[in-house]
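Report on the structure given below.
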Amino acid sequence: MLERLLKYPGFVYRIGGTYYYLGKWICKECTDTEVTDCVAMYEMCRLEHEDAEAGMYFHKLRAYSDFALDVPYNPALIKADMIDLVDGLSPDAFKVLDGQMQHFAEDYRKYCGELAV
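Under UniProt numbering, read the sequence shown as residues 1 to 117, first letter to last.
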C-alpha cells in the first residue's frame, strides 16, 4: 500500500472519520468542508453508477489535492508521514483505505487514462 500511495497522484481519502490528502507529493489531513463534502458526493455517485457526476467529483478531488500541496516539496517528510499513517492503521482501516485506492486506480484509468506507476 505504501508503495502505491507514494506513486499515485494525490487524492482525498477517508480513514475513519478523518480525511487525508494522500499521494506522491502529499500526506496531510484535510479539514476543508467543501472538500470533504465532495468526497461524500463522489462516493455516492460512484455507488449509484452515475459516471458523469462521479467523474466530475473525481477531477475536483484531484484538483483539491493538487491545490493543497506544500511548497517547497519535501519528499523525505512526506514519506515519513505516510509511513506513520499506514503503520498506524487498524486492520479494518487498512482494508477500507486499500478499497478506496483500488477505486481510485479504476477511476483514474476511466477518467484520465493509464495510471503510471
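The beta carbon of each residue, even a glycine, is placed where N, CA and C say it ideally should be. Remember, predicted model here, so these are calculated numbers, not experimental data.
Just list the residues that DSSP pairs residue i with in beta bridges.
i     : result
Val35 : DSSP lists no partner for Val35.
Could you spell out where the beta strand (DSSP E) holding residue i opens and where it closes?
i     : result
Gly23 : Thr18 to Gly23
Lys28 : Ile26 to Cys30
Tyr13 : Phe11 to Ile15
Check whether the Cβ atoms of residue i and residue j lie closer than 8 Å to each other.
i      : j      : result
Leu61  : Val12  : yes
Ser90  : Tyr21  : no
Phe58  : Asp107 : yes
Asp98  : Met1   : yes
Val39  : Arg14  : yes
Tyr111 : Gly55  : yes
Thr18  : Glu29  : yes
Ile26  : Gly10  : yes
Using a Cβ-Cβ distance under 8 Å, would residue i count as near chain B?
i     : result
Tyr21 : Included in the structure is just one protein chain, with no chain B present.
Considering just the uninterrupted stretch of the alpha helix (DSSP H) at residue i, what are its terminal residues?
i      : result
Gly55  : Asp51 to Phe67
Ala80  : Pro75 to Asp87
Tyr108 : Pro91 to Tyr111
Leu2   : Leu2 to Leu5
Point to revise | Segment contact flag, the region 70-90 with the region 43-54, C-beta cutoff 8 Å, min 3 pairs | key: No, the region 70-90 does not touch the region 43-54.
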